[in-house]
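According to the working numbering, the stretch in the sequence shown is residues 161 to 547, in order.
Beneath this line is the structure, given in structure tokens, with notes to follow.
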Amino acid sequence: MIPYGRQTLDDADKQAVLRVLNSDFLTQGPEVPEFEAALSSRVGAAHSIAMTSATAALHAACLALDVGPGDSVWTSAISFVASANCAVYCGASVDFVDIDARSGNMSIPALENKLRIAAKNGVLPKVLIPVHFAGQPLDMESISNLGKRYRFRIIEDASHALGASYAGETVGNCRYSDITVFSFHPVKMITTAEGGAATTNDHSIATRLAKLRSHGITRDPSEIEHYEGDWFYDQVELGFNYRMTDMFAALGASQLRKLEAFLDARRKVVSHYQEALDSAKFQSLLQDPNGSSSWHLFVILVNNPEDRKVVFDHLRSNGILVNVHYRPIYRQSFYSKMEKYNPTDFPGAESYYSSAISLPIFPALSKDQILNIVKVLDTKPGYQVLF
Ligand SMILES: *Cc1c(COP(=O)(O)O)cnc(C)c1O
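Pasting the structure below:
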């Protein structure tokens, strides 16, 4: 069986975790700040705040931008549900921007159009959460210009996109956004088992995120009105326990050292697929020539949507654990029962969803495995292919 994604761990990773298990601190020790410093330096941001997951980081990021009841947050119609849930956690309402069916990414013309209409109706979003889908970076400069014109803040959901860059700007450097969020789930670019991080260049957002990660507590005397002594801390707002452990931060730091090798390996997988795939039957996602993708996912679009289920089932029955990323978020029951989203408003997402299949991609996927996957794709569904 071949999964669609999986971690790549070596001895150094395992030793890093063991070293922490034998040390004084399992959590709140030195490993988290070290991992954060390495992450900041890799992506070119002033601050990184590691958390228990990207979902936690998205929640904290929304709170750090004061998202609350009465506010509207927009994200991409095709993403993991966490990109939208973070706004609902804060009591805000969610709306979706349609995607470009050929790239899978948020459509900037659709965003512009939706903003123009929202401005007329007085329902502009407070925060936009663009998603660098499959690892392909969005043109954040254009999005940031719209943000200035329509006065919304920006949280990049870069769960798929550690190591990606657009026109020379590394995703996560926050040149065109307030905050960027990464995920370290095992199928993502590097892993800490569960884990995520937020990066920002804004010092006050960084300290707010750090507080929200730890119960809303500060120990900084300059932030405390009646400081009494070194035992003193003050809960200044309602926060959470979203702290990453030292074991997982050490794993993250060890993984991060291999990011370039992982990215290279993923690019190789893609080039093997592209050489072998029959483009008359399957299209891969259109890539923006200014972008360099981290290739979290390798999605193919089946030319004839009626074939999607047949092809999907055929691959699965041959032990190839393909997936569909993603069903449009507004189609999930939780969102569809709100009865405010109309699928016909999202022709790009509907078209993409009807024909997408994610083929396996991870650094250790071999050329032979890839050729076998393509062989299964090329055989008539219904027949088993015996390797
Ligand atoms: C994986 C993912 C998340 C959530 O990441 P976790 O670390 O599992 O919480 C959020 N957004 C997107 C787009 C993702 O793919």
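Glycine is no exception: its CB is placed at the ideal position from the N, C-alpha and C atoms.
All values reported here derive from a predicted model rather than from experimental measurement.
query                                                                                                                                                                        : result
CA-CA distance, L271 and S431?                                                                                                                                               : 31 Å
For ligand 1, is there any heavy atom lying closer than 7 Å to the beta carbon of H474?                                                                                      : no
For I530, report the span of its alpha helix (DSSP H) as first-last.                                                                                                         : 527–538
Taking 7 Å as the cut-off, does the CB of A198 come closer than this to any heavy atom belonging to ligand 1?                                                                : no
Excluding the 5 residues flanking A279 on each side, which residues of the same chain have their C-beta closer than 8 Å to its C-beta?                                       : Y310
Using the C-alpha atoms, what's the distance from P503 back to R491?                                                                                                         : 8 Å
Does the beta-carbon of M498 have 16 or more other beta-carbons within 10 angstroms, so that it is buried, or is it exposed?                                                 : exposed
Considering only C-alpha positions, which residue in the set R166, M161, V177 is nearest to S414?                                                                            : V177
Could you compute how far the alpha carbon of W455 sits from the alpha carbon of D260?                                                                                       : 18 Å
Report the rounded CA-to-CA distance for S243 versus Y495, giving the unit in angstroms.                                                                                     : 13 Å
For the alpha helix (DSSP H) containing G307, name the first residue and the last one.                                                                                       : 300–310
Compare the C-alpha of F293 against each of M266, P285, T367, I303 and name the closest.                                                                                     : M266
Give the residues whose C-beta lies closer than 6 Å to at least one heavy atom of ligand 1, in chain order.                                                                  : S213, A214, T215, S239, F240, A242, S243, V291, D317, S319, H320, S343, H345, G356
Should the stretch 205–216 be called in touch with the stretch 335–348, which here means at least 3 C-beta pairs below 8 Å?                                                  : yes
I think S319 touches S337, with their Cβ atoms under 8 Å apart; what is that distance to the nearest whole Å?                                                                : No, S319 and S337 are not in contact; Cβ-Cβ is about 14 Å, not under 8 Å.
Thinking C-alpha only, which one of K540, L306, D231, K371 is nearest F400?                                                                                                  : K371
What are the uninterrupted segments assigned as alpha helix (DSSP H) that are 4 or more residues long and contained completely in the stretch 416–454, given in chain order? : 419–436
Quick one, are the C-beta atoms of I209 and E194 less than 8 Å apart?                                                                                                        : no
How big is the Cα-Cα spacing for S453 and K500?                                                                                                                              : 33 Å
Between the stretch 162–182 and the stretch 378–396, do at least 3 Cβ pairs fall closer than 8 Å?                                                                            : no
What is the rounded straight-line gap between the Cα of R368 and the Cα of G412?                                                                                             : 23 Å
Work out the CA separation of L475 and Q529 for me, nearest whole Å.                                                                                                         : 13 Å
Using a threshold of 8 Å, state whether the C-beta atoms of G264 and Y512 are closer than that.                                                                              : yes
For V241, I'd like the list of residues in its chain whose CB is within less than 7 Å of its CB, leaving aside the five on either flank, ordered along the chain.            : I489, Q492
Measure the alpha-carbon distance for S374 versus L218 and round it to whole angstroms.                                                                                      : 15 Å
Rounded to whole angstroms, what is the Cα-Cα separation between Y288 and S304?                                                                                              : Going by the sequence as given, residue 288 is Leu instead of Tyr. Looking at the two C-alpha atoms, the distance is approximately 10 Å.
So, is L461 buried or exposed, given that buried needs 16 or more other C-beta atoms within 10 angstroms?                                                                    : buried
Per DSSP, what kind of secondary structure is T187 in: helix, strand or coil?                                                                                                : strand
Please tell me whether L416 and R202 are closer than 8 Å, where the distance is taken between their beta carbons.                                                            : yes
In the DSSP output, what is T330 paired with across the bridge?                                                                                                              : S325
Thinking C-alpha only, which one of H207, K274, A206 is nearest V233?                                                                                                        : K274
May I have the straight-line CA-CA distance separating L531 from A358, to the nearest angstrom?                                                                              : 38 Å
Considering R373, what are the terminal residues of the beta strand (DSSP E) in which it resides?                                                                            : R373 -> not in any beta strand (DSSP E); alpha helix (DSSP H) instead, spanning 363–373.
Compute the distance between the beta-carbons of T405 and A205, then report whether it is under 8 Å.                                                                         : no
Suppose you measure from the CA of P290 to the CA of I238; what does that come to, to the nearest Å?                                                                         : 10 Å
Count the other C-beta atoms from every protein chain shown that fall within 10 angstroms of the C-beta of L298, then say buried if there are 16 or more, exposed otherwise. : buried
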